[in-house]
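Please read the structure below before turning to the comments.
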Amino acid sequence: MTDATDATDDPLGPREIEPSAPEEFGLVQVWWGDGKGKTTAALGMAFRAAGHGYRVHVLQFMKGGTGTVEDVRGEYNAMAAMPGLSYENAGHYGWHGFMDGSDDDEHDARAKGALRRARKLIEGAGEADLDAPLPLDGDPTAGVHMLVLDEVLYAANRGLIDPEDVIGLIEDKPDDLELVLTGGHDRPEYVTERADLVTEVGKERHPIEAGQGARKGTEF
18 MTDATDATDD
28 PLGPREIEPS
38 APEEFGLVQV
48 WWGDGKGKTT
58 AALGMAFRAA
68 GHGYRVHVLQ
78 FMKGGTGTVE
88 DVRGEYNAMA
98 AMPGLSYENA
108 GHYGWHGFMD
118 GSDDDEHDAR
128 AKGALRRARK
138 LIEGAGEADL
148 DAPLPLDGDP
158 TAGVHMLVLD
168 EVLYAANRGL
178 IDPEDVIGLI
188 EDKPDDLELV
198 LTGGHDRPEY
208 VTERADLVTE
218 VGKERHPIEA
228 GQGARKGTEF
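Count along the sequence shown from 1, add 17, and you get the number used in my numbering.
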């Protein structure tokens, strides 16, 4: 006879996610380098935090577009289904003109708009009680425990925003907000010297060098 254990009795089984508050958040993380995996690592932490019932928001500086590969990335479906995890992308499709020939003015305007949005999100976190649980479906400008600014360092490296403005985001963040910054192939000294965790994601080999394009399920 097979012993059918109720899933609710499994100590490692899934549990309903209830709003909770972190006890040790407040660090600044920087993920940079020429290797694949910076956004992937940041999203992994975002899912982990949301799984504990913490309120998390992801703001993407360089990704965007409609009716393109960038509009159908798998992580969007996953984030939309995860309680407490919200996202928005403020970028212009084309990766600074590399894909669609769009000009700098378009990308510049988008990046500066994302910067204004980041300031608003940080301001909202400063006004919230981050020592307490936050509504999982609440407006992110009303406060989040973790804020991921994806590819903000790319935007600074490419001259779309001023590195001093990125420093300002770090200086303005409330003590209990976990701030995650990603992007950039050149070492961003202006933030690494201020960060608590710095990870360089280095490339040893990448299939794109052999002509392999982005693959559904791994790159988007």
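Where is the CB? At the ideal position from N, CA and C, for every residue including glycine.
Note that the structure is predicted; figures quoted are calculated from it, not measured.
By DSSP, does residue i sit in helix, in strand, or in coil?
{"i": "H69", "result": "coil"}
{"i": "H202", "result": "coil"}
{"i": "G230", "result": "coil"}
{"i": "M163", "result": "strand"}
{"i": "E217", "result": "strand"}
{"i": "H223", "result": "coil"}
{"i": "M96", "result": "helix"}
{"i": "G52", "result": "coil"}
{"i": "L177", "result": "coil"}
{"i": "L138", "result": "helix"}
{"i": "P157", "result": "helix"}
In terms of alpha-carbon separation, which member of the options lies closest to residue i?
{"i": "I34", "options": "M99, E217 and L177", "result": "M99"}
{"i": "K137", "options": "G160, D122 and E221", "result": "G160"}
{"i": "A107", "options": "R90, G155 and L76", "result": "L76"}
{"i": "G201", "options": "A173, R127 and D148", "result": "A173"}
{"i": "S103", "options": "K129, T199 and G155", "result": "G155"}
{"i": "V45", "options": "L186, E92, A145 and E181", "result": "L186"}
{"i": "F42", "options": "A142, W48, A128 and G234", "result": "A142"}
{"i": "R133", "options": "D189, E221 and R32", "result": "D189"}
{"i": "F64", "options": "A38, G52 and E92", "result": "E92"}
I'd like to confirm the pairing. Which residues does DSSP put opposite residue i in its beta bridges?
{"i": "S103", "result": "H74"}
{"i": "V197", "result": "Q46 and V165"}
Step through the CB atoms of chain B and report whether any lies within less than 9 Å of the CB of residue i.
{"i": "E123", "result": "Any reference to chain B falls outside this structure, which holds one protein chain only."}
- Check whether the region 61-78 touches the region 205-220, taking contact to mean three or more Cβ pairs, one atom from each stretch, closer than 8 Å. Result no; under three Cβ-Cβ pairs closer than 8 Å.
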